[in-house]
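See below for the structure under consideration.
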Amino acid sequence: MRILDLGSGTGMWARAFIDWYDIEVAAVEPSEAMRARSMHQPVVHGDAERIPLDDGSVDAAWISTVIHHVPDLNRAARELRRVVRPGGPVLIRSAFAGRHQAITLFRYFPEAIRVLDTYPSVADVEAAFTAAGFVTVGLEQVPQVTAASLREAATALRHEAHTPLQLISDDEYAAGLARLRKAAQRETGPVVDALDLLVLT
Ligand SMILES: C[S@@+](CC[C@H](N)C(=O)[O-])C[C@H]1O[C@@H](n2cnc3c(N)ncnc32)[C@H](O)[C@@H]1O
């Protein structure tokens, strides 16, 4: 089996898929800096609208926290229809507009919800993919342990690593960080978030 990891970033998913399933991964990433630091190699230059792979050459596509970066969803959906073999799944892992409830950060940085709400919604993505010939086969919230504790989450938080946090004001960020640090003093237990997994074939 060969899967496409589109917008592969640090390469952590490509690496995990190879370790977990012993499959072949075609990693595609537009950012030169990310390609250079990727823990998975090789990574090919390309993006969702120009995927440098042959027709029907992958069995599935994995698109993790990338879909909000894609300027033309219709074109991306057509490219994915071209490169994924008929019947192969496209798995889109994302925070979608209107679906912030299961993500801890938005509890402390409520202003970031307005940024999330500029992301594509599930319906927006489905519309583009349906037009390209895909059918939705599943939408599921997948829980993950984001940090061992809120204290650890607060310590590890990097402003620049989260697009919604980059786009709120400095005052809003400072107030949210103060709320998070205060809560971290009393809350124990792991931080569990859930991102959506939208699956189309
Ligand atoms: C938040 S990172 C996610 C990286 C990785 N998929 C993960 O889950 O760890 C978003 C990635 O999407 C890439 N990206 C941005 N625009 C893109 C596009 N139009 N097509 C494909 N990837 C894109 C960025 O360069 C970045 O590496």
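According to my numbering, the sequence shown holds residues 5 to 205 in order.
Ideal Cβ positions, reconstructed from N, Cα and C, are used throughout, including at glycine.
Query - Whole-number beta carbon distance between R97 and L201, since they are thought to touch under 8 Å - result: 5 Å
Query raised in the report: A198 and L154: beta carbons closer than 8 Å?
Result: no
Report task. Locate the beta strand (DSSP E) running through A65, then write down its first and last residues. Result -> 64-68
**Report entry** Closer than 7 Å: W24 CB and nearest ligand 1 heavy atom
**Finding:** no
Requested in this report: Might you give, ordered along the chain, the residues of its own chain that have their beta carbon closer than 7 Å to the beta carbon of V129, omitting 5 neighbours on each side?
Outcome: I71, L77, I96, L202
Query raised in the report: Are three or more beta carbon pairs between the region 82-93 and the region 129-146 nearer than 8 Å?
Result: yes
Query raised in the report: Is I7 near I27, with beta carbons less than 8 Å apart?
Result: yes
Query raised in the report: Taking P168 as the reference, which of A37, F110, R41 has the closest Cα?
Result: F110
Query raised in the report: Going by the beta-carbon positions, is the gap between Y123 and A101 smaller than 8 Å?
Result: yes
Query - The beta strand (DSSP E) enclosing E53, as first and last residue numbers - result: It is not in any beta strand (DSSP E) - E53 carries neither H nor E in the DSSP assignment.
Report task. Measure the alpha-carbon distance for S35 versus S42 and round it to whole angstroms. Result -> 10 Å
Requested in this report: Would you mind giving the Cβ-Cβ distance between A106 and Q148, rounded to the nearest angstrom? I have them listed as a contact below 8 Å.
Outcome: Their Cβ separation, rounded to whole angstroms, is 10 Å, which puts A106 and Q148 out of contact at 8 Å.
Query raised in the report: Quick one: what's P147 bridged to in DSSP?
Result: A198
Query raised in the report: Can you give the Cα-Cα distance for A64 and A18, rounded to whole angstroms?
Result: 13 Å
Query raised in the report: Whose C-alpha, out of G15, E53, P114, is nearest the C-alpha of A37?
Result: G15
Query raised in the report: Near ligand 1, which residues have their beta-carbon closer than 6 Å to a heavy atom?
Result: L10, G11, S12, G13, T14, M16, W17, E33, P34, S35, M38, D51, A52, S68, T69, V70, H73, V74
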